[in-house]
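Note that the protein sequences, when read in sequence, are chains A and B.
Following our numbering, the numbering of the first sequence begins with 65 at its first residue and continues without gaps.
Following our numbering, the numbering of the second sequence begins with 2 at its first residue and continues without gaps.
Ideal Cβ positions, reconstructed from N, Cα and C, are used throughout, including at glycine.
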Amino acid sequence: MEIAGESFAEKFDLFGCFQCGKCTGGCAVSLKSQLNPRRLVREAILKETELIFEKEYLWDCTLCGTCTLRCPREIKPSEVIIGMRGVLIEEGRNIPKTIMEALESVFKNGNPWGRARMKRTEWSEDLDVKIKSLPDGDEAEILYYVGCTPAYDPRIQEIARGMVKCFNVAGVDFGILGTEENCCGNEVRRMGEEGLFEMLVEDNLEIFGNYNVKKMVTTSPHCFNTFKNEYDADFEVQHYTQFLSKLIEEEKLTFSKEIEKTITYQDPCFLGKQNEIFDEPRKIIEAIPGVKFIDFDRSRKRSLCCEGGGGRMWVEATGEGERNAEIRVRDAVEMGAEIIATACPFCLLTLEDAVKTTGYEDKIQVRDIIELVSEAI
Amino acid sequence: MEIVVCIKRVPDTAEAEVTITEDKKDIKKEGLAFEINEWDNYAVEEAVQLKEKFGGNITVVSVGSAESNDIIRRALAMGADRGILLRDEAFDGSDSYAIAKILHGAIKDIKFDLVLTGAQAGDDGCAQVGPTLAELLGIPHATLVTNIEIEDGKAKVRRELEGGLEELLEIELPALFGIQTGINEPRYVSIMGIRKARKKEIVEMGLKDIGLTGDEVGLAGSKTIIEELFIPPVGEGAEIIEGDAAEVSARLAEILKEKGVLA
């Protein structure tokens, strides 16, 4: 199997692999899935990549990035998996139907949730404040890039509304792109749809250019990651935890209420591991009066992926066994946490589901950091 | 095997709010996303699978505006060999009958064994173009086709009937089949695939090229006229449940239990 005349091993520079297995050892799903990054790299070197079409488990990968981050030889197994998915995408077969639908929806509607573009601002309709809209001619210092899931998912819409409250209390001059906002493409790229990702980058850079965007704050670590690392962008992009942490430090955002709870924090992979933003979210949580903060044993770089990334919001994994989010919830309950805070829409959805499936609804809650902040200011 | 597939570009109205134009003859198209008619997508996939089995060529034909090139190119990326866009101002306002005449004008000069259409279109839902086109071409047809097997110049096709019944027909080729959804699993069409398909030919044809006159197409050549398009009035007996997701689902579960649907 070749990509544009290059073998996998050449394209992904795999010849340095000495098969130490750290990639598979650190993999968030390899314990319960046949997915084995070390074997995939080996097979790619041996040109046994024809087998790609039989590997249903390729879609199990969450693209948390642990394999790539831990490789002592600077090989990127997670990129190999994206490349293998890309082969399936270009062939058009052996792709889970729900992944196809998500991609087709991004192409058609600008979001992977199958929702109409014209409903993208639905989340803001009940707010009693008017939000500046760049397409309507308003100018603002900061573009608040809402993202698809906060725009459409009823649960996550609360996070977008909380964000608006925080901005307004701190007197931040911000605006949104309204129905012109488009999918960022982070998940699209990770589902292997390279062509669609390139198209989104081109379209989005044009939109950001049209409205002279200089500074952007995102709700989701996924959008943040791709804008920061995969767009050749001339604007500054921050995840909201970075932005809020600064506002709190400068005392532009102060708290008036206490939250007397024991809170732990789930590091989103695209914020923590992949972009090394570990401190800001913790600082925000600890700044809230009344909070007792405790960390997971597996935290920061060793944090356990919630399994919501890499397209997994749209496809169930093949392997059997407990979901990582359920393991996370049990661990949190055991160590006495009353709230799992996170800073990612996907983490929030997977963990909240896990609270229900483990039956711990009376013991623990899952909240986004924005929700905690907007409650306490 | 030479196959012709007729496809149509339609708005996706499943999730969007549909509004009616001032003259009450059409829906407002602004802000709507357009795509290949769902049934036609299955028809293209079926054609590609038949080509993969028996070889030959696939021609996709669409009556529409320049935007219909998008769905033609998508079909080319799926595996069709060439496209024909039938585009002329004179075609505006054509009903199913006039559309069938236009398609016939282009297809009559093509050598084919099989013509596939979607069983119906997602926008007007008439399901008439296929059978009318078959009559104009003078070939047999079957509608709501859920399986095709080709053997010795004949096709064995399964049709979906009401109440879970199925019908098995043997039809001599050339023939026209109206394809029902679910007959296959349409493949994914990647953006790179669509870009590569730009090399394939799309021929544009107008009224003169297909040998018809202005009074045979458009409103003049149609047998049906839209009097008025309207949103159905809200009926009696519907209970709209208010509240957040948890409240709504709790109440819904209650109702389903009351009615004996849930134990």
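Nonlocal neighbours in the same chain, by C-beta distance under 7 angstroms from residue i, ignoring five residues either side
i, result
"D124/A", "V93, S97, L99, A381, T382 and G383"
"I108/B", "V5, V62, V116 and L138"
"G212/B", "G106"
"V419/A", "V393, E425, I428 and V430"
"D27/B", "L230"
"G174/A", "R181, N246 and C247"
"C411/A", "Q330, P332, C370 and G372"
"E46/B", "M79, N185, P187 and R188"
"S363/A", "D331"
"Q83/A", "R102 and R106"
"I312/A", "I348 and A351"
Rounded Cβ spacing between residue i and residue j (contact assumed at less than 8 angstroms)
i, j, result
"L167/A", "E257/A", "5 angstroms"
"T326/A", "G423/A", "Actually they do not touch by this definition, with Cβ atoms about 20 angstroms apart."
"A234/A", "L317/A", "5 angstroms"
"K112/B", "E3/B", "6 angstroms"
"A156/B", "A176/B", "6 angstroms"
"F299/A", "V281/A", "Their Cβ separation, rounded to whole angstroms, is 11 angstroms, which puts F299/A and V281/A out of contact at 8 angstroms."
"L104/A", "P141/A", "7 angstroms"
"T328/A", "I352/A", "Actually they do not touch by this definition, with Cβ atoms about 14 angstroms apart."
"D279/B", "I100/B", "What the structure shows of chain B is the stretch from 2 to 264, and residue 279/B is not part of that stretch, so it cannot be assessed."
"L152/A", "I116/A", "7 angstroms"
"E222/A", "E435/A", "7 angstroms"
"A204/A", "R184/A", "Contact flag wrong, Cβ pair sits at about 18 angstroms."
"G119/B", "W40/B", "3 angstroms"
"E324/A", "G354/A", "4 angstroms"
"S197/A", "I240/A", "6 angstroms"
"E154/A", "M206/B", "Contact flag wrong, Cβ pair sits at about 32 angstroms."
Which residues DSSP lists as bridging residue i, in chain order
i, result
"A176/B", "L115/B"
"D432/A", "T406/A"
"Y189/B", "Beta-bridge pairing links Y189/B to no other residue."
"Q302/A", "V281/A"
"E152/B", "K155/B"
"A143/B", "F178/B"
"C7/B", "V62/B and T118/B"
"M206/B", "L87/B"
"E171/B", "K157/B"
"L207/A", "G239/A and M280/A"
"F35/B", "P12/B"
"Y329/A", "A405/A"
"E248/B", "Its beta-bridge partners do not exist; DSSP assigns none."
"F357/A", "I327/A"
"I256/B", "Per DSSP, none; premise fails for I256/B."
"I28/B", "I21/B"
"K196/A", "G239/A"
Contacting residues, own chain, Cβ-Cβ under 6 angstroms from residue i (five flanking each side not counted)
i, result
"G211/A", "T283, S284 and C287"
"R10/B", "F35, G65, S69 and I72"
"T147/B", "R159, E161, Q181 and I184"
"G342/A", "In the sequence under discussion, the amino acid at residue 342/A is Phe, which differs from the Gly named in the question. Excluding residues within five positions, the ones whose Cβ falls inside 6 angstroms are G336 and R364."
"G178/A", "S169"
"I109/A", "A73 and L78"
"T130/A", "G90"
Under 8 angstroms from the C-beta of residue i: neighbouring residues of chain D
i, result
"G194/B", "Judged by its chain identifiers, the structure shown contains no chain D, and its protein chains are A and B."
Chain-order list of residues whose beta-carbon lies under 8 angstroms from that of residue i (same chain, five-residue window excluded)
i, result
"K229/A", "S438 and I441"
"P345/A", "T305, S309, Y329, D331, L335, A405, A407 and I433"
"V218/B", "D89, A91, F92, S95, A99, K102, I103 and L208"
Any residues in the segment 4-17 of chain B with a beta carbon nearer than 7 angstroms to a beta carbon of chain A? Which ones, in chain order? Residues passing the 7 angstroms Cβ filter: D13, E16 and A17.
Give, in chain order, every residue of the segment 213-224 of chain A whose Cβ lies closer than 9 angstroms to some Cβ of chain B. Answer in chain order: P218 and R219.
Check whether the segment 156-164 of chain A touches the segment 184-195 of chain A, taking contact to mean three or more Cβ pairs, one atom from each stretch, closer than 8 angstroms. As far as the Cβ criterion goes, the segment 156-164 of chain A does not touch the segment 184-195 of chain A, which means the pair count is below three.
Listed from N- to C-terminal order along the chain, which residues in the segment 204-238 of chain B have their beta-carbon within a distance smaller than 7 angstroms of any beta-carbon of chain A? Closer than 7 angstroms at the C-beta level to chain A, one finds no residue of the segment 204-238 of chain B.
Positions along the segment 372-400 of chain A whose CB lies within less than 9 angstroms of some CB in chain B: Listed in sequence order: no entries.
If contact means a Cβ-Cβ distance below 8 angstroms, which residues of the segment 253-268 of chain A contact chain B? Residues of the segment 253-268 of chain A whose Cβ lies closer than 8 angstroms to any Cβ of chain B, in chain order: E257, E258, G259, L260, E262 and M263.
Any chance the segment 168-183 of chain A sits against the segment 141-148 of chain A, with 3 or more Cβ pairs inside 8 angstroms? Touching, no.
Contact the segment 83-91 of chain A vs the segment 330-342 of chain A: 3+ CB pairs below 8 angstroms: No, because fewer than three Cβ pairs between the segment 83-91 of chain A and the segment 330-342 of chain A fall closer than 8 angstroms, the two stretches do not touch.
In the segment 173-186 of chain A, which residues sit with their C-beta less than 8 angstroms from some C-beta in chain B, listed in chain order? Residues passing the 8 angstroms Cβ filter: N173, G178, R179, A180, R181, M182 and K183.
Give the residues from the segment 123-150 of chain A that approach chain B closer than 7 angstroms (Cβ to any Cβ), ordered along the chain. From the segment 123-150 of chain A, no residue has a Cβ closer than 7 angstroms to chain B.
Between the segment 22-33 of chain B and chain A, which residues of the former have a C-beta closer than 7 angstroms to a C-beta of the latter? Hits within the stretch, in order: G32.
Between the segment 229-252 of chain A and chain B, which residues of the former have a C-beta closer than 7 angstroms to a C-beta of the latter? Near chain B, meaning a CB-to-CB distance below 7 angstroms, no residue of the segment 229-252 of chain A qualifies.
Taking contact to mean at least 3 C-beta pairs separated by less than 8 angstroms, is the segment 240-258 of chain B in contact with the segment 126-134 of chain B? No contact exists between the segment 240-258 of chain B and the segment 126-134 of chain B.
Short of 9 angstroms Cβ to Cβ, which residues in the segment 277-290 of chain A face chain B? Close to chain B, meaning a Cβ-Cβ distance shorter than 9 angstroms, is no residue of the segment 277-290 of chain A at all.
What are the residues of the segment 241-258 of chain B that lie near chain A, defined by any Cβ-Cβ distance shorter than 7 angstroms? Here the close residues are A246.
The segment 51-73 of chain B: which residues have C-beta closer than 8 angstroms to a C-beta of chain A, in chain order? Those residues of the segment 51-73 of chain B placed with their C-beta closer than 8 angstroms to a C-beta in chain A do not exist.
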